[in-house]
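J.: Residue numbers (the numbering used here): 14 to 145.
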C-alpha cells in the first residue's frame with residue numbers, strides 16, 4: 014500500500030486489460046512480467062502489490078477495476094458499515110489497462126466510486142487484495 018505510478022507509459026501490456034472480478038491477479042502478473050519502468054524510477058503499482066507482505070501473507074495483488082469497485086461498495090464509504098477499509102478520499106489504481114494508445118489505466122475514486130482512465134505516469138494510491 015502507498016502511492017505509486019502504474020508505470021509502463023506508452024507500452025501495451027498483453028493480457029492486463031481484464032476488468033471483471035477474478036482478473037486482477039492475472040493482470041498484475043502480466044504487468045510485472047513486462048518488466049516496464051516508471052518515469053520516477055521507482056517500482057510500478059503492480060510490483061508493489063506483488064511485493065507486499067501483510068499479516069504474514071504474501072499473495073497480494075493489484076485489484077482489477079471491478080474488484081476495486083466492489084471494495085468501494087462493501088468496505089468503502091458507501092458500505093452499510095461505513096468506511097471500514099480505512100480508504101482515503103483519493104484515486105486508487107486498478108490493474109486494468111484501458112487506453113488505445115497504451116497511455117492510461119483505470120482508477121477508482123474512493124469518495125464516489127467513479128472510475129476513469131488516467132495516465133500511467135500519475136501517482137495514485139494502491140490498495141492490495143488477495144483471494145481467500
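No residue lacks a Cβ here, since even glycine has one placed at the ideal position from N, Cα and C.
Values in this document were obtained by computation on a predicted structure and should not be read as measured data.
Three-state secondary structure (DSSP) at residue 119?
T.: On the chain shown, position 106 is the one that residue 119 refers to. The answer is strand: DSSP assigns residue 119 an E or B state.
J.: Which ranges would you report for the alpha helix (DSSP H) in the region 31 to 65 if only whole runs of at least 4 residues count?
T.: Counting whole runs of 4 or more residues, the region 31 to 65 contains the alpha helix (DSSP H) stretches 37 to 47 and 58 to 64.
J.: Could you work out which residue in 145, 68, 137 and 141 is closest to residue 103 when comparing CA atoms only?
T.: Looking up residue 103 in the chain shown gives position 90. Measuring from the Cα of residue 103, the nearest candidate turns out to be 137.
J.: So, is residue 111 buried or exposed, given that buried needs 16 or more other C-beta atoms within 10 angstroms?
T.: Along the chain shown, read from residue 1 onward, the residue named residue 111 stands at position 98. That one is buried.
J.: In three-state DSSP terms, what is residue 139?
T.: Taking the first residue of the chain shown as position 1, residue 139 is located at position 126. Three-state result, residue 139: strand.
J.: By the three-class DSSP mapping on this structure, what secondary structure does residue 27 have?
T.: Within the chain shown, residue 27 is the residue found at index 14, counting from 1. It is coil, neither helix nor strand.
J.: For residue 29, count the other beta carbons within 10 Å of its own beta carbon; 16 or more makes it buried, fewer makes it exposed. Which is it?
T.: Locating residue 29 in the chain shown gives position 16, counting from the first residue. Burial call: buried.
J.: Going by C-alpha distance, which of 43, 75 and 37 is nearest residue 62?
T.: Reading the chain shown from its first residue, position 49 is the one you call residue 62. Among 43, 75 and 37, the Cα nearest to that of residue 62 is on 75.
J.: When the Cα of residue 44 is compared with those of 142, 144, 143 and 133, which residue comes out closest?
T.: Locating residue 44 in the chain shown gives position 31, counting from the first residue. The shortest C-alpha separation from residue 44 is found at 133.
J.: Where does the unbroken alpha helix (DSSP H) through residue 83 begin, and where does it stop?
T.: The sequence position of residue 83 within the chain shown is 70, counting from 1. 78 to 88 is the span of the alpha helix (DSSP H), which, as asked, contains residue 83.
J.: Using the beta-carbon count (16 or more within 10 Å), is residue 123 buried or exposed?
T.: For the purposes of this step, residue 123 is taken as the residue at position 110 of the chain shown. Result: buried.
J.: Classify residue 40: buried if its beta carbon has 16 or more other beta carbons within 10 angstroms, exposed otherwise.
T.: One-based indexing of the chain shown puts residue 40 at position 27. Under this definition residue 40 is a buried residue.
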